[in-house]
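A.B. asks: Using the numbering used here, the letters of the sequence shown correspond one by one to residues 819 to 913. Just so you know, even glycine gets a beta-carbon here, dropped at the ideal spot from N, CA and C. Would you mind keeping the following structure in view while I ask a few things?
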Amino acid sequence: MANPFKALGDLNQLRKQAKQMQDELAAEEIRIEEGDILVVISGDQKIKQLSVQGISSPEVIDILNRAIKKSQELAAKKLQAMTGGLGGMLGGGQG
């Protein structure tokens with residue numbers, strides 16, 4: 819008979835690994851510069867910097883980040899429907 823507590827331990831380990839990966843991604847930055855346009859985005863898909871012809875707008879960055887978050891929430895909802903909610907047990911919440 820399988821030990822149910824071992825399964826919980828395995829799940830806890832997966833949750834810790836997922837959190838560590840999220841933290842590592844948040845610390846990464848990707849910088850793309852072409853012509854007059856500069857975009858810096860973190861590995862967890864948050865825009866850190868955006869400028870066009872040297873002009874930056876915090877309001878535009880905020881709106882883009884909100885749009886990205888909504889698309890991530892939609893994707894998470896679809897994935898949760900496919901996996902029967904397993905993703906939430908792995909700490910897959912968006913923050």
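1. For asparagine 821 and leucine 829, what's the separation of their Cα atoms in angstroms?
2. Which value, in whole angstroms, describes the spacing of the CA atoms of leucine 892 and isoleucine 886?
3. Just the C-alpha distance for isoleucine 865 and methionine 839, rounded to the nearest angstrom, thanks.
4. Provide the residue(s) that pair with lysine 889 in DSSP beta bridges, ordered along the chain.
5. How long is the line joining the alpha carbons of valine 858 and valine 870, rounded to whole angstroms?
6. Expressed to the nearest angstrom, what Euclidean distance is found between the alpha-carbon atoms of glycine 853 and alanine 899?
7. Please report how far the alpha carbon of alanine 836 lies from the alpha carbon of glutamine 890, in whole angstroms.
8. What is the DSSP secondary structure of lysine 895, counted as helix, strand or coil?
C.D. replies: Answer, in terms of the structure:
1. 13 angstroms
2. 10 angstroms
3. 19 angstroms
4. Rather than lysine, the amino acid found at residue 889 in this sequence is serine. None; serine 889 has no bridge partner.
5. 12 angstroms
6. 42 angstroms
7. 16 angstroms
8. helix
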